[in-house]
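Contents: one structure, followed by commentary.
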Amino acid sequence: MKNDRKDCDVVVLGAGAAGMMAAAQAGQTGARVILLDHADEPGRKILISGGGRCNFTNLEARDSTYLSQNPRFVRSALAQFTPAMFCDLVRNHHIRWEEKERGQLFCQNSARDIVDLLVAECRRGQVKFELNCRILSVRRDESGFEVQTAHGFVRTKAMILATGGLTIPKLGATDLSLRIARQFDLAIIQPAPALVPLVLGRPYPDLAGVSLTVQASLGRKKPKFTGGMVFTHKGVSGPAILQISSYWHTGEALALNLMPELDVMGTFEEIRARRPRARPLALLENLPQRLGRVLVGVACDDRPLIEQPMKAIRALASLVEKWEVTPVSSEGYAKAEVMKGGIDTRALSSRTMEVVSVPGLYAIGEAVDVTGWLGGYNFQWAWSSGYVAGRAAACYVRGAPVTGQDS
Ligand SMILES: Cc1cc2nc3c(=O)[nH]c(=O)nc-3n(C[C@H](O)[C@H](O)[C@H](O)COP(=O)(O)OP(=O)(O)OC[C@H]3O[C@@H](n4cnc5c(N)ncnc54)[C@H](O)[C@@H]3O)c2cc1C
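In terms of the numbering used here, the sequence shown has 350 at position 348, counting the first letter as 1, and numbering is strictly consecutive.
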């Protein structure tokens with residue numbers, strides 16, 4: 003370890019999506035900023051996001067598209083830095099994008115464009131990057147904070163925690179922000195993998211690779227998600243499953259409507275009238291055959307439809323409309339897109355992300371208890387929380403007032 007000493011106004015821990023946005027904003031608002039990361043390049047998670055095309059925002063981002071113990075918390079930051087404002091930035095950097103489903107915006111070329119945008123914005127704010135830099139400890143005293151790193155000491159007036167969540171450990175995810183939060187007596191909402199494939203107690207390995215559109219639900223109080231599902235060797239995955247996984251708790255059964263766009267019993271009656279001598283599998287012509295065989299095996303025998311009691315046909319319809327499976331676990335942080343839980347937002351100002359009990363300390367991005375749905379919401383949270391924290395930290399060091407309203 004070296005004994006070098008550096009001074010700055012704002013230090014940002016973590017050069018990911020939220021950290022680079024915060025560093026750029028603080029720098030462009032006049033603060034001297036150092037951005038620390040233990041990785042050898044910034045924004046590694048951005049590079050693998052959205053299948054390499056980065057789903058960088060969602061035009062429908064609003065509080066109901068996020069999970070948090072403090073559901074209104076996101077409102078102020080999302081209002082201060084909106085998806086449209088990020089689109090302006092993307093446009094200014096001449097990045098071409100396209101809208102996929104329902105407001106999901108993706109790069110047309112590569113996720114690298116978004117990393118380059120953030121790095122360029124940081125350069126505009128004269129942010130100093132310190133990469134390959136192990137962070138050893140953090141200390142607060144009357145004049146600010148001191149961060150001890152493998153490169154030496156950094157003294158700063160304000161500090162922004164932006165080291166993200168625990169997903170994809172092989173990309174260098176750690177619990178550093180959570181540990182520092184605990185050091186400052188902040189509460190942590192139990193972290194868990196979210197947007198993650200689910201493991202079934204009785205999986206269907208023979209169906210691995212079979213995909214279809216389903217509606218996944220957990221109970222009346224939780225949202226339902228319609229979208230793709232794919233069987234895996236261990237259980238189920240695909241957009242509808244990733245979405246519902248964020249709301250799933252151990253022990254809960256998952257209800258799957260396998261033909262969410264059809265009146266199932268009406269469709270069955272119509273097929274039975276049209277093809278009375280067909281076998282029951284014909285009722286499931288809208289489903290992949292391999293799956294159809296499994297379902298028929300549960301509800302009916304192999305007699306022609308005309309000989310099947312209505313009870314058996316109704317049982318098959320109920321099974322299709324509400325196929326219950328009970329996951330035993332998720333596939334964990336190695337396969338999750340995000341971590342849910344994190345630093346309890348009730349300790350933070352919703353306007354600035356500042357820790358109310360520790361002036362000059364801020365927490366942003368995935369490290370805090372805000373988890374977006376699948377579809378660009380998580381990056382929008384990184385941009386919005388990073389934007390407000392970066393500007394607020396720069397104002398804090400100057401003793402200037404901060405604009406914006408609380409949620
Ligand atoms: C496969 C995958 C695909 C995704 N696709 C999308 C998508 O298309 N759209 C979307 O909205 N969201 C997507 N996400 C989620 C999104 O990537 C995250 O929500 C977002 O990156 C969180 O930003 P962050 O800045 O809080 O954390 P990160 O982007 O994870 O950045 C944290 C940074 O902190 C650094 N760090 C961690 N620990 C330490 C330490 N101890 N010392 C120093 N540095 C440290 C890391 O190296 C990293 O650079 C995806 C996630 C994954 C895993």
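Glycine residues also receive a C-beta, built at the ideal position from the N, C-alpha and C atoms.
Linking Arg204 to Ala17 through their CA atoms gives a straight-line distance of about 41 Å. For Ser78, the three-state secondary structure derived from DSSP is helix. Look at Cys124: its beta carbon is at least 8 Å from all of the heavy atoms in ligand 1.
Every unbroken stretch of the alpha helix (DSSP H) spanning 4 or more residues and falling wholly within the stretch 252-289 is given here in chain order: 266-276. Setting aside the 5 residues that flank it on each side, Thr165 is surrounded in the same chain by Leu15, Gly16, Thr176, Leu178, Ser179, Ala369, each with a C-beta closer than 7 Å to its C-beta; the list follows chain order. At a cut-off of 8 Å, the beta-carbon of His153 does not count as near ligand 1: no heavy atom of the ligand is closer than that. It is roughly 16 Å from the alpha-carbon of Gly237 to the alpha-carbon of His251. Annotation: the continuous alpha helix (DSSP H) that includes Asp90 extends over 85-94. Check the Cα spacing between Gly406 and each of Gln82, Ser66, Phe186: the tightest is with Gln82. The alpha-carbon separation between Ala257 and Asp208 amounts to approximately 21 Å.
Between ligand 1 and Tyr68, a heavy atom-to-CB distance of less than 8 Å is absent. Cβ neighbours of Ile116 within its own chain (closer than 6 Å, five residues either side excluded): Ile48, Cys56, Phe58.
Glu287 and Gly294 have their C-alpha atoms roughly 8 Å apart. Shortest Cα-Cα distance from Leu202 to any of Glu333, Arg64, Cys109 involves Glu333. Here the distance from the Cβ of Ala25 to the nearest heavy atom of ligand 1 is not below 8 Å. Here Thr169 is buried. Its C-beta has 16 or more other C-beta atoms within 10 Å.
The nearest non-hydrogen atom of ligand 1 is less than 8 Å from the C-beta of Asn57.
Trp375 has its alpha-carbon roughly 28 Å from the corresponding atom of Met161. Sixteen is the threshold: when 16 or more other Cβ atoms of the shown chains lie within 10 Å of the Cβ of Asn72, as they do, the residue is buried.
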